[in-house]
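Each remark here refers to the structure printed beneath this line.
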Amino acid sequence: MDAARVDSWLWAIRVYKTRSAATTACRAGHVRVNGEKVKAAQQIRVGDELRIRIAGFDRILFVRQLLVKRVGAPAAALAYEDRTPEREPQAALGLRDRGAGRPTKRERRDIDKLRGRNHEPED
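Going by my numbering, the sequence shown opens with residue 13, and the numbers climb by one from there.
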């Protein structure tokens with residue numbers, strides 16, 4: 013096997029849960045092969061670099077092995093090299109539990125302090 017469809021390969025290595033989800037990501041322009049946006053039927057080869065945009069972040073994968081059938085997670089991990097740079101941890105600013113209601117005045121002031129917006133009156 014010399015080449016494989018990009019959507020099929022992304023599904024086979026378990027980046028997307030379904031092949032149709034991989035196809036949709038390609039149509040939306042979230043998948044790039046060697047820097048260029050591709051359609052779902054684009055052929056990829058060993059040595060290609062894929063950039064996949066997931067949840068607002070790019071994931072960079074280097075193709076080591078071509079797969080067209082879905083395999084187990086350990087076997088799928090051998091088919092690519094993950095070159096994604098480490099993300100800096102971000103502090104959760106002012107996140108509240110869903111359904112907790114509107115923040116109290118004290119909680120709003122604390123949230124403003126965390127975000128660097130002090131609105132205290134000047135004397």
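We put the beta carbon where it would ideally sit given N, CA and C, even for glycine.
So, helix, strand or coil for Asp8, using DSSP?
Past the edges of the chain, shown from 13 to 135, lies residue 8, and the structure says nothing about it.
Three-pair Cβ contact test at 8 Å for the region 90-97 versus the region 64-79:
Yes: the two stretches touch, three or more of their Cβ pairs being nearer than 8 Å.
If you drop the 5 nearest sequence neighbours on each side, which residues of the same chain put their C-beta closer than 7 Å to that of Asn46?
Counting from 1 along the sequence shown, the entry for residue 46 is found at position 34. Setting aside the 5 residues that flank it on each side, Asn46 is surrounded in the same chain by Asp60, Glu61, each with a C-beta closer than 7 Å to its C-beta; the list follows chain order.
What is the DSSP secondary structure of Glu100, counted as helix, strand or coil?
Residue numbering aside, residue 100 sits at position 88 when the sequence shown is read from its first letter. Coil at Glu100, not helix or strand.
What's the gap between the Cα of Gly128 and the Cα of Pro97?
On the sequence shown, residue 128 is found 116 positions in, with the first residue counted as 1. On the sequence shown, residue 97 is found 85 positions in, with the first residue counted as 1. So the two alpha carbons sit approximately 28 Å from each other.
Hey, Val18 and Val50: beta-carbon distance below 8 Å or not?
Sequence index remark: in the sequence shown, residue 18 carries index 6 (1-based). Sequence index remark: in the sequence shown, residue 50 carries index 38 (1-based). Yes, Cβ-Cβ distance for Val18 and Val50 is below 8 Å.
Below 8 Å on the Cβ atoms is my guess for Arg120 versus Trp23; work out the distance and round it to an integer in Å.
Against the sequence shown, residue 120 aligns to sequence position 108. Against the sequence shown, residue 23 aligns to sequence position 11. Taking 8 Å as the upper bound for CB-CB distance, Arg120 and Trp23 are not in contact here, some 45 Å apart.
Beta-bridge partners of Tyr92, as assigned by DSSP
Along the sequence shown, read from residue 1 onward, the residue named residue 92 stands at position 80. Val75, per the DSSP bridge assignment.
Which whole-angstrom value describes the C-beta separation of Asp124 and Asn130, a residue pair presumed to lie in contact below a C-beta threshold of 8 Å?
Along the sequence shown, one-based indexing puts residue 124 at 112. Along the sequence shown, one-based indexing puts residue 130 at 118. The Cβ separation is near 7 Å, so the contact holds.
If you run the structure through DSSP and keep just helix, strand and coil, what is Ile25?
As a working note, residue 25 is residue 13 in the sequence shown. Coil, per DSSP.
For the beta strand (DSSP E) that Arg44 lies in, which residues bound it at each end?
Position 32 of the sequence shown holds residue 44. Residues 43-45.
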